[in-house]
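Asker: In our numbering, the protein residues as written are 1 to 792. After the structure tokens below, expect a handful of questions from me.
Below you can see the structure in the form of structure tokens.
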């Protein structure tokens, strides 16, 4: 049974370098009797709000100058002593980079940026609200890195939990306090669940490990660190060969035959690891034997028990050289077994640290090993669990692997394969270093851009924010955008991780393609030209013709339905009814047939008064009242709008005229099933006043000033289905809101036009306007168009 007695993965190495690196490795006071903390009655609570971590480069720069942040790092001389012991080259020896330097293990992982980042709830990313389970050989609970922390203990059938430097160091690396003294852990805000095999009988160790794992899961641990292995390191390649040769198909039975003990005990331990992955990640240290050509089997259990592959990370140990200008990795010297067969789920960190010992409450020593590399990864998982509490352990694992640093030549020259984490997220891994070095800035940031989900599950439909988000539309105005102001919206990245963004930050891009001309200055010229052609051969006097055209002008700038009534296939015919009265029929159809418009107008001119009574309607497929939108909020399948309008023009004499226009209508949109906004029927209004002066610069020229209300909703509602969260299984949570469309800010328009017939049959046209939303405080949108035609 001795062959399966666990041993700590860094103890031997620390002893090996005791004279070179460990002696005098920190302050040391008079030893105090170890104190046993009380087990909390309730586990720490996972925060319920995930956020979009906000990084502060200035704060991070100050943070990494903190002595506590750097205290775990060896000096160059200390690192070179360790390198010499492993037969590795001296730091930066042979490097062609004049800026080559050693690095801080924490800085290498961008922990300074992570710890100084702020979540949407205002907290820093330090692991607060998470629980890290440590399985090791004993702990000095009174050490200043652990004293006062929230700690849960599992003793099981053991006599107690003893004190040992190894366990003390591992626990402190994962979650040591950040209190301005000593060193700090990767997740200093995390609570700890501690168990030990030290006082456990040999024949009950496997059962004890299984029970400790189950207890950690019950307590709510998000990650379990295992910086230990059995006294015999067997590489995966050898274990696989022996397993196949044994004829066994059940790895638990093989383990019982190889190491002793009952098959049921080994099966229970594997089952406990499997069950733990429902709520947490298993982290295992690789072997410290750098002469091995593969990871050891016990740290790569998923190779033999595939059910463990969901949330398992193997960790190797290396020393790194960086370019001190930008922190890029120049080289890595592996001090442990390679990731090898476990490369798909393996990471490598710098496990050379100054760590606590159990000599006194303030003692530290320098050591290296995978034992000290693994708890850094466990702490990284705790940081992710705080930032993204809604993710499943498989997703925390994927984020850490997919975002790891792999930016050095030694990694790229040892590529062994690639992992596809999601559509568009494919990462190569190295035989030596696995997926590389954890990068907490990248892990806390969106991968592959953000998208807003529209389906019931994160694996369903979503719309990338980069594609543009339209929140404003004809008739609807900015009512939707106003409703979203102050709301928290969930967006997901390519890995399905949820990020909280503010509705205030979603701007309506309105970078749409118009399926039909709108009522801007440029399109008004085109539309007016089509109308004027109707009068060219009509039996109407010139003076009346000019007045009738004046009556028809306001609708080109203020009518919703008339805005898209003329296109490449437009027609306009004027037919006399009686003296001074005409019927005008106009319309258009898009070349692809997915938009059609029609208008019928009765025009009259009696004395000084002219007018137009019009009925118009339009239909468009794939657009919202003539406007193509960028999802996911406003995604129409089709829309239809009908309206009646009245325009009156009075000739005041002396070339002066005034006109008024008003339109009432109703519209209806059929929304895409994936749209987050469902609109019902909407009634709308628009109106304007024009003042014109003829013969200002040229004979029969016309200058006009106008002001009015662009089409706006009088009544109507929309229902908004807002994604606000997700479950660990990936189901999307939505909140429903009712929006009164009449709450939109009033769309106002002011402008001027000028028309003149110039010598040699040239016709000049000028139109400019300013559009703005009354009460919104937004800057007006200026628009201008000039036209010049030559008659023949």
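Using N, Cα and C, we set each Cβ at its ideal position, and we do this for glycine too.
Could you check whether residue 335 and residue 317 sit closer than 8 Å to each other, using their CB atoms as the reference points?
Answerer: yes
Asker: Thinking C-beta only, is residue 304 closer than 8 Å to residue 243?
Answerer: yes
Asker: What do you get for residue 759, buried or exposed, if any count of 16 or more other CB atoms within 10 angstroms of its CB means buried?
Answerer: exposed
Asker: What is the DSSP secondary structure of residue 781, reduced to helix, strand or coil?
Answerer: strand
Asker: Where does residue 305 sit, in a helix, a strand or coil, going by DSSP?
Answerer: coil
Asker: Keeping to the same chain, check which residues put their C-beta closer than 8 Å to that of residue 256; ignore five residues upstream and five downstream.
Answerer: 262, 263, 265, 266
Asker: Closer than 7 Å by C-beta to residue 272: which residues in its own chain qualify, once you throw out the five before and the five after it? Chain order, please.
Answerer: 210, 213, 214
Asker: DSSP state of residue 634, grouped into three classes?
Answerer: When secondary structure is reduced to three states using DSSP, residue 634 falls in the coil class, being assigned neither helix nor strand.
Asker: Output needed for residue 746: all residues of its chain with C-beta closer than 8 Å, excluding positions within five of it in sequence on either side, in chain order.
Answerer: 709, 712, 773, 774, 775
Asker: Going by other Cβ atoms of all chains shown within 10 Å of its Cβ, with 16 needed for buried, is residue 80 buried or exposed?
Answerer: buried
Asker: Within the chosen definition, does the region 624-641 reach the region 466-474 through at least 3 CB pairs nearer than 8 Å?
Answerer: yes
Asker: Specify the secondary structure class of residue 362 as computed by DSSP and reduced to three states.
Answerer: coil
Asker: Kindly indicate which three-state DSSP category residue 549 falls into: helix, strand or coil?
Answerer: Three-state result, residue 549: helix.
Asker: Out of 200, 723, 644, which one is the CA nearest neighbour of residue 600?
Answerer: 644
Asker: Please tell me whether residue 345 and residue 314 are closer than 8 Å, where the distance is taken between their beta carbons.
Answerer: yes
Asker: Going by C-alpha distance, which of 572, 287, 678 is nearest residue 722?
Answerer: Among 572, 287, 678, the Cα nearest to that of residue 722 belongs to 678.
Asker: Figure out for me which residue from 296, 571, 312 has the closest Cα to the Cα of residue 281.
Answerer: Taking the Cα of residue 281 as reference, the smallest distance to any Cα among 296, 571, 312 is reached at 312.
Asker: If you draw a straight line from the C-alpha of residue 435 to the C-alpha of residue 406, how long is it?
Answerer: 7 Å
Asker: Can you list, in chain order, the residues of its chain whose CB lies under 6 Å from that of residue 498, leaving out five sequence neighbours each side?
Answerer: Correct list, in chain order: 50, 390, 490, 492, 726.
Asker: Leaving out five residues on either side along the sequence, give the residues of the same chain with a beta carbon under 6 Å from the beta carbon of residue 803.
Answerer: In the structure as shown, the chain begins at 1 and stops at 792. Residue 803 is therefore absent and cannot be evaluated.
Asker: Can you tell me where the beta strand (DSSP E) holding residue 193 begins and where it ends?
Answerer: 191-196
Asker: Jot down the residue ranges of each uninterrupted beta strand (DSSP E) in the region 576-616, minimum 3 residues, whole runs only, in chain order.
Answerer: 581-589, 595-606, all fully within the region 576-616.
Asker: Can you name, in chain order, every residue of its own chain whose Cβ lies under 7 Å from the Cβ of residue 458, other than the five neighbours on each side?
Answerer: 492, 496, 726, 730, 732
Asker: Please classify residue 292: does DSSP put it in a helix, a strand, or coil?
Answerer: Three-state result, residue 292: coil.
Asker: Figure out for me which residue from 227, 154, 675 has the closest Cα to the Cα of residue 371.
Answerer: 227
Asker: Between which residues of its own chain and residue 269 is the CB-CB distance below 6 Å, once the five residues before and five after are set aside?
Answerer: 206, 209, 210
Asker: Could you work out which residue in 693, 443, 668 is closest to residue 682 when comparing CA atoms only?
Answerer: 668
Asker: Kindly list the residues whose CB is nearer than 7 Å to the CB of residue 104, restricted to its own chain and excluding five residues on each side of it in sequence; keep chain order.
Answerer: 70, 73
Asker: What residue range does the beta strand (DSSP E) around residue 658 cover?
Answerer: 656-671
Asker: Please name the residue, chosen from 394, 559, 130, that lies closest to residue 385 on a Cα-to-Cα basis.
Answerer: 130
Asker: Specify, as a first and last residue, the run of the beta strand (DSSP E) that residue 719 falls within.
Answerer: 717-726
Asker: In three-state DSSP terms, what is residue 790?
Answerer: Note: residue 790 maps to strand in three-state DSSP.
Asker: Would DSSP call residue 741 helix, strand or coil?
Answerer: helix
Asker: Apart from the five residues just before and just after residue 393, which ones in its own chain have a Cβ nearer than 6 Å to its Cβ?
Answerer: These residues qualify, in order along the chain: 277, 280, 281, 311.
Asker: Out of curiosity, what's the CA-to-CA distance linking residue 127 and residue 366?
Answerer: 25 Å
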